[in-house]
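Residue numbers (the numbering used here): 71 to 596. Using N, Cα and C, we set each Cβ at its ideal position, and we do this for glycine too. Here's the structure, in structure tokens; my notes come after.
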Amino acid sequence: MHTAAVRRAGLFAARPPLATRRVAASRAMHSVPAHGAQGRGAVCVAARDGRKERHTGGVVGTSSRAAGAPRPRNSVAITQRHFSSGLPDHDVVGLPALSPTMETGTITEWLVKEGDAFAAGDIICMVETDKATVDFEAQDEAVLAKILVPAGTPDVAVGTPMMVLTESTDDVAAFADFSAGAPETETAAPPAAAPAAEVEVSAEPASAAPATPPAAAPAPGGRVAASPLAKHLAKSEGYELSAIAGTGPGGRIIAADVKEFVPAAMPAVEAPKAAAAAAAAPATPAVGQPSPSGDFVDYPVSEQALAIAQGLTVSKQTVPHYYLTVDLKLEKLLKVRETLNEGLPEDEHLSLNDMLLKAAAIASEKVPDVNASWMDTFVRQYNSFDVNVMVGVGDGLVAPVVRDVGRRGLKAISSDVKALASSAQAMELEPHQVETGTFTVTNLGAYGVKNFAPIVRMPQACALAIGAAEERVIPNEDPDSEDIYQLETMLSATLSCDHRVVDGAVSAQWLAAFRGLVENPLTMLL
């Protein structure tokens, strides 16, 4: 059995594909010295099973962080350094959390092969997270001795050992059969056909962890910290969150914890019976699953698409939606846009959507209740209007965020939207560029869609849908005109709302303010 010490390393950090800058050392993982060791390379000795373990602390990089300080974003997961008489010194690197909400990931491609050496700045592999596909960049030199997670392996949990590093290519051959599984001294699992009594007899020693995990520690204020998906799964299964042990950051309960949770009232020995019953059942399609008569094709779902699907499902089932639609006259707005574009280069022209984003931001300043979130026991209202703008990418969608729209000019807003859309099409968005903002705007006008009702994305309270601009025949409101009807360029906008945060009167006020700004665009200057 290898003796090992767990240390946090700063070998790697994430950056977007093809990005021109390197991640600063301060964004890399900083060490937490083991057993209180304060200096880099400090060594302490701890007893374990009659043997001694050597723990090394310190920073593998150029920056430092005090013990207990918050981990920087995009930091690396725990790295284990092993000192063993059977194998050369080596590091086992776990899959890092490359976004604040990442629970699992997929290594889409290994750019460094087994036996290859790499230097600081080299890209080791590409990792698909719930937000984007990012590069995994080395911050120090080493040799990749063994790949533990093949490319394409789905749903790899954060912290899962993904590779083994050594200092010399001469050591690579020693890891040909290396496995990051359980220690060699662990008792083998009993045969599947063993009776329940034998399972109980071959239990782990008294020092082993109990079968039932400890309950999750409540967050400050008595609440149990859990992800929205974990809360939804626990509610649907009838589980109490306080009874589930969290394995996420700070003990936070994640979806995997709920899926693996076994209630105390349901003994684990019942699992084989359930499996046997399932095996004996006739092979019939699941409820709601079509029974095709011919061939069909199954397509894999990416981590990002799965995260979006799960998030929208939870939002639709949790948020009490309602929808309001207004028709907007665009003649004056289009004339102002035409005038502004006359003084701009063609590649900097303002779009109709840019001006609608600005109008939405100003309307939210007038009616700030829509720029808020439901926080279970209180409502949080935001001072900054950060808008997620839906962008089509291949067969899917991404929603990059445009920050602080209310305090910025139209040219800056337009430049940001163009840059984000270009990065999205090239699959180069950084994780922080696809974080959830405070409001969402989605525009399907280019596809000829007249109106639609979007799902409110938790924790936001509202989402605005923009339909296609078209000429419509409407009553002529000019009393001096002889024409009864007139042609007007118009579009329909639908506001989806969370009724817990925004009631009907507030949403109607926001839409009235939004329509006033669109139909009288010069008022945006006031």
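Take the Cβ of residue i as the centre, count every other Cβ of all protein chains shown within 10 Å, and call the residue buried at 16 or more, exposed below.
i, result
"valine 367", "exposed"
"valine 371", "exposed"
"phenylalanine 448", "exposed"
"arginine 407", "buried"
"aspartate 446", "exposed"
"threonine 174", "buried"
"glutamine 530", "buried"
"proline 415", "exposed"
"glutamate 541", "exposed"
"serine 249", "exposed"
"leucine 595", "exposed"
"glutamate 418", "exposed"
"alanine 349", "With a pLDDT of 48 at alanine 349, under the threshold of 50, the predicted position of this residue should be treated as unreliable, though the coordinate-derived value follows. Exposed."
"threonine 409", "exposed"
Residues in the same chain with beta-carbon distance under 7 Å from residue i, minus the five sequence neighbours each way, listed in chain order, please.
i, result
"isoleucine 483", "Asp424, Leu427, Lys428, Val472 and Val475"
"valine 384", "Pro298, Leu299, His302 and Met528"
"glutamine 556", "Ile544 and Asn546"
"glutamate 505", "Val471"
"aspartate 397", "Met560 and Ser562"
"glutamine 579", "Val437"
Going along the chain, which residues of its own chain have a beta-carbon closer than 8 Å to the beta-carbon of residue i, five neighbours each way excluded?
i, result
"threonine 171", "Asp200, Lys201, Ser297 and Ala377"
"alanine 538", "Leu514, Gly515, Ala516, Tyr517, Gly518, Val519, Lys520 and Leu561"
"lysine 329", "Leu303"
"threonine 593", "Gly586 and Leu587"
"lysine 386", "Ile525"
"aspartate 553", "Asn546"
"proline 390", "Asp568, His569 and Arg570"
"valine 468", "Ala202, Gln374, Met460, Val461, Ala494, Leu499 and Val504"
So what does DSSP say about residue i, is it helix, strand or coil?
i, result
"phenylalanine 584", "helix"
"serine 551", "coil"
"methionine 497", "coil"
"methionine 594", "helix"
"glutamine 556", "strand"
"glutamate 541", "strand"
"phenylalanine 188", "strand"
"isoleucine 483", "helix"
"arginine 477", "helix"
"isoleucine 378", "helix"
"threonine 383", "helix"
"alanine 304", "helix"
"glycine 316", "coil"
"alanine 563", "strand"
Could you tell me which of the options sits nearest to residue i, measuring between CA atoms?
i, options, result
"serine 434", "Glu184, Asp456, Leu398 and Glu418", "Asp456"
"leucine 218", "Val226, Val463 and Ala189", "Val226"
"proline 333", "Asp327, Gly318, Tyr309 and Ile324", "Tyr309"
"asparagine 405", "Asn590, Phe188, Pro158 and Asp247", "For the sequence presented, residue 405 should be read as lysine rather than asparagine. Residue Asn590 is the option with its Cα nearest to lysine 405."
"leucine 422", "Val437, Asp439, Lys402 and Gly413", "Lys402"
"leucine 459", "Thr174, Leu534, Ile177 and Phe206", "Note that residue 459 is valine in the sequence shown, not leucine. It is Leu534 whose Cα lies nearest to the Cα of valine 459."
"aspartate 573", "Gly364, Asn441, Ile323 and Gly381", "Asn441"
"aspartate 240", "Lys216, Ser249, Gly229 and Val504", "Lys216"
"serine 238", "Ile193, Pro220 and Glu184", "Glu184"
"serine 454", "Trp444, Ala469 and Thr508", "Thr508"
"leucine 181", "Ala189, Ser169, Phe188 and Ile194", "Ile194"
"glycine 413", "Tyr452, Tyr392, Thr506 and Lys481", "Lys481"
"tyrosine 393", "Glu198, Phe522 and Thr178", "Phe522"
"glutamate 198", "Ala189, Glu211 and Val228", "Val228"
"valine 463", "Leu420, Met497 and Pro501", "Met497"
Grab me the residues of residue i's own chain with a C-beta within less than 6 Å of its C-beta, minus the 5 sequence neighbours each way, in chain order.
i, result
"aspartate 186", "Leu214"
"leucine 157", "Ala244"
"serine 493", "Leu499"
"proline 224", "Thr176"
"valine 242", "Gly185 and Ala215"
At the 7 Å Cβ level, is residue i part of the contact set with chain D, yes or no?
i, result
"glycine 321", "You won't find chain D in this structure, because it holds only one protein chain."
Should residue i be listed as close to the ligand NAP, given that the test is whether its C-beta is under 6 Å from any heavy atom?
i, result
"tyrosine 309", "Ligands displayed in this structure: none; no statement on the ligand NAP is therefore possible."
Worksheet item: Where are the alpha helix (DSSP H) runs, 4 residues long or more, that stay fully inside the segment 400-432, in chain order?
Response: The alpha helix (DSSP H) runs lying completely inside the segment 400-432 and spanning 4 residues or more are 401-412, given in chain order.
Worksheet item: If you scan the segment 170-236 from start to end, which runs of the beta strand (DSSP E) of 3 or more residues do you find wholly inside it?
Response: Segments of the beta strand (DSSP E) lying fully in the segment 170-236: 174-180, 193-198, 203-208, 212-217 and 231-236.
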